[in-house]
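Trainee: Protein chains in written order, with this note's numbering: chain D, 1 to 157; chain C, 1 to 157.
Sending over a structure as structure tokens; questions will come in a sec.
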DNA sequence: TATATGGTATACAGACTTGTCAATTATTGT
DNA sequence: ACAATAATTGACAAGTCTGTATACCATATA
């Protein structure tokens, strides 16, 4: 009854839980990134270190918007739409970091990194302690270095 | 009644559907790879071309084991366990291709490619026509080339 | 202390899920 | 054509899910 008083419907409750947990994650990550490093180019390189910390933490229970979009696969569903929006916003957040690091195809790199991220979360949801994030991190470093080199080359000549 | 006669329980039905669709996918992919190319090093490079063809096909409805593992998150659940096994087997399939292509850390590359793959499928399930697979493909090529160069360097000197 | 506000507990309603049972109807092999 | 086997249908049962209604209890404020 108390739940229904506050959220009215189950869908409303789920939407609020999704919003809250995404805010918490974003705030946590943003805090880590802004307090621990200085140069924009360092931030994007540190991104997967913090993601690893988050995924391997014992309290990790998966990514809200990934679980929700799987449980509500219909694209018309409000929960699915919020999940999709959160996924897009997180990708844009990475894109902003890449842009500040002066990477040429910032959005392209952001999409690739988000694929690694979502893949690693998926792997971890499928098997706790999979270690997939370690390899996602290596791949991310390679992709980031590739994108940075491209940026350096095209601006130097 | 006919369904219950054949599969006894809903869980049994789901397990059979998962097995069948995975077999179909593996057979389709294996056929593509064995008929269209020759050298092992070419096969692994072609992998994401075929995956793109599969994901962008109008009949694509998502990846069974990804959806199932999300819907049955408990690791004790037989459906979850089958999903996990299928994910692992597909990764090993990629690893076999990488091994035949004489890539040094074949399993590591396979894991990275499977992260890109699962991330792209996830993205496509979240938003049909997302185009994520195009960027996954680019990232895959970069990772594969990186792994091949490493193999070349370490065997040449 | 009285009153209002919000939390808790129990019962219930209607729809849906996962099957089961039994009667009827199709299909197949001989 | 006949018998066996399999598929279809509709009724039902037990349990779950989502939500409502109501009565009761705790807390805060005047």
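Backbone N, C-alpha and C define an ideal beta-carbon position, used for all residues, glycine too.
Quick caveat, the model's predicted, so the values are computed rather than measured.
(1) Leaving aside the five residues before and after residue 101 of chain C along the sequence, list all residues of the same chain whose C-beta is less than 6 Å from its C-beta, in chain order.
(2) Output the boundary residues of the alpha helix (DSSP H) element that contains residue 14 of chain D.
(3) Check whether the Cβ atoms of residue 60 of chain C and residue 87 of chain C lie closer than 8 Å to each other.
(4) For residue 129 of chain C, would you say it is in contact with chain D, using Cβ-to-Cβ distances shorter than 8 Å as the test?
(5) With a cut-off of 8 Å on the beta carbons, I'd call residue 112 of chain C and residue 139 of chain D a contact; round off their distance for me.
(6) Along the chain, which unbroken stretches of the alpha helix (DSSP H) at least 4 residues long are found entirely within the segment 42-113 of chain D?
(7) Would you say residue 106 of chain D reaches chain C, if we count a Cβ-Cβ gap shorter than 8 Å as a contact?
(8) Less than 8 Å between the C-beta atoms of residue 103 of chain D and residue 147 of chain D, yes or no?
(9) Sort C/26, C/46, C/1 and C/62 by Cα distance to residue 89 of chain C and report the nearest one.
(10) Exposed or buried, what is residue 3 of chain C when buried is set at 16 or more other beta-carbons lying within 10 Å of its beta-carbon?
(11) Within 8 Å (strictly less), CB to CB, does residue 82 of chain D reach chain C?
(12) Taking the alpha helix (DSSP H) that residue 5 of chain D belongs to, which residues open and close that run?
(13) Work out the CA separation of residue 92 of chain D and residue 53 of chain D for me, nearest whole Å.
(14) Taking the alpha-carbon of residue 98 of chain D as reference, which of D/141, D/68 and D/130 has the nearest alpha-carbon?
(15) At the 8 Å Cβ level, is residue 93 of chain C part of the contact set with chain D, yes or no?
(16) Could you check which residue in C/132, C/108 and C/23 has the C-alpha nearest to that of residue 119 of chain C?
(17) Since I believe residue 29 of chain C is in contact with residue 46 of chain C (beta carbons under 8 Å), could you give me their beta-carbon distance rounded to a whole number of angstroms?
(18) Can you give the beta carbon distance from residue 18 of chain C to residue 82 of chain C, rounded, assuming they're within the 8 Å contact cut?
(19) On the premise that residue 69 of chain C lies in contact with residue 57 of chain C, defined as a C-beta separation below 8 Å, what is that separation, rounded to the nearest angstrom?
(20) Quick one: is residue 119 of chain D near chain C, going by C-beta distance under 8 Å?
(21) Leaving aside the five residues before and after residue 49 of chain C along the sequence, list all residues of the same chain whose C-beta is less than 8 Å from its C-beta, in chain order.
(22) Output needed for residue 21 of chain C: all residues of its chain with C-beta closer than 7 Å, excluding positions within five of it in sequence on either side, in chain order.
(23) Reducing DSSP to helix, strand and coil, say where residue 146 of chain C ends up.
(24) Could you check the C-alpha separation between residue 115 of chain C and residue 125 of chain D for me, to the nearest Å?
Mentor: Short version:
(1) 40, 41 and 44
(2) 10-36
(3) no
(4) no
(5) 4 Å
(6) 64-71 and 78-100
(7) no
(8) yes
(9) C/26
(10) exposed
(11) no
(12) 2-7
(13) 21 Å
(14) D/141
(15) no
(16) C/132
(17) In fact, because the Cβ distance is near 10 Å, the residues do not count as touching under 8 Å.
(18) 6 Å
(19) Going by Cβ atoms, the distance from residue 57 of chain C to residue 69 of chain C rounds to 23 Å, so no, they are not a contact pair.
(20) yes
(21) 137
(22) 64
(23) helix
(24) 13 Å
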